[in-house]
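A.B. asks: Protein chains in written order, with our numbering: chain A, 29 to 134; chain B, 317 to 436.
Cβ coordinates follow ideal geometry from the N, Cα and C atoms, glycine included.
Below: one structure in structure tokens.
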């Protein structure tokens, strides 16, 4: 199985900050990586697919980059509605695997 | 608009089975797979497998192989996930999601989740 790790597991930030979340795969997955945002009691929401393509309707302050085994999600100018948990998902190998999540707190 | 509407919350006893449904609308059901994802209380997301909306073919995560069955009924655009031999560790919210992630086309829609509680 391809294991996904995320760092940090949680972070504290303020409105207006720029935050970076890293996701690493135990083997190369090309660009087969999605980023999701999840708020309590809600379904995950797709932010980035193909490692770097912004999903339609998602603000441009979200940016994804990376390929192979290391990926980053950068949120610029953090807004109040961005406080949530973020997950990466690899869809290169089976089983598909999510990272353990990064909780972004105020 | 695309919608995935899941069945309601269920309470089951250990050893029982649960069948969760996911009714799709707003897109061509046979064009996409339906994935199932489990989330235990306060925990992360866990991919369980997918069922093809077209062929009905499946791919299950090894952890659930032998205990899960994913099916679909194209006539009513509904997918199902049945999980057998439930234990307390199966207490979770189960999400369905319509997508072919490998297509990298941004088509990715989720149901609202179905809470399954396993308790004696």
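(1) Keeping to the same chain, check which residues put their C-beta closer than 6 Å to that of residue 413 of chain B; ignore five residues upstream and five downstream.
(2) Taking the alpha carbon of residue 403 of chain B as the point to measure from, which residue in B:397, B:376, B:347, B:433 has its own alpha carbon closest?
(3) Output the boundary residues of the beta strand (DSSP E) element that contains residue 335 of chain B.
(4) Give a yes or no on whether 9 Å exceeds the smallest Cβ distance from residue 99 of chain A to chain B.
(5) Using the Cα positions of residue 46 of chain A and residue 107 of chain A, report the straight-line distance between them to the nearest angstrom.
(6) Could you tell me whether the Cβ of residue 78 of chain A comes closer than 9 Å to any Cβ of chain B?
(7) Below 7 Å CB to CB, which residues in the same chain sit around residue 342 of chain B once its five sequence neighbours on both sides are set aside?
(8) Using the beta-carbon count (16 or more within 10 Å), is residue 347 of chain B buried or exposed?
(9) Considering Cα atoms alone, identify which of B:428, B:384, B:390 is closest to residue 335 of chain B.
(10) My understanding is that residue 430 of chain B touches residue 322 of chain B, with C-beta atoms under 8 Å, so please give their C-beta distance in whole angstroms.
(11) Taking all protein chains shown into account, decide if residue 113 of chain A is buried (16 or more other Cβ within 10 angstroms of its Cβ) or exposed.
(12) Just checking: is the beta-carbon of residue 353 of chain B within a distance shorter than 9 Å of some beta-carbon in chain A?
(13) If you drop the 5 nearest sequence neighbours on each side, which residues of the same chain put their C-beta closer than 7 Å to that of residue 399 of chain B?
(14) With DSSP as the reference, identify every bridge partner of residue 94 of chain A, one or two as the case may be.
C.D. replies: From the atom records:
(1) 351, 426
(2) The option with the nearest alpha carbon to residue 403 of chain B is B:433.
(3) 334-341
(4) Not closer than 9 Å to any Cβ of chain B, the Cβ of residue 99 of chain A fails to qualify, so no.
(5) 10 Å
(6) yes
(7) 317, 318, 319
(8) Looking at its Cβ environment, which holds fewer than 16 other Cβ atoms inside 10 Å, residue 347 of chain B is exposed.
(9) Closest option to residue 335 of chain B, Cα to Cα, is B:384.
(10) Their Cβ separation, rounded to whole angstroms, is 4 Å, which keeps residue 430 of chain B and residue 322 of chain B in contact under 8 Å.
(11) So residue 113 of chain A ends up on the buried side.
(12) yes
(13) Within the same chain, residue 399 of chain B has close Cβ partners 333, 334, 383, 384, 406.
(14) Per DSSP, A:99.
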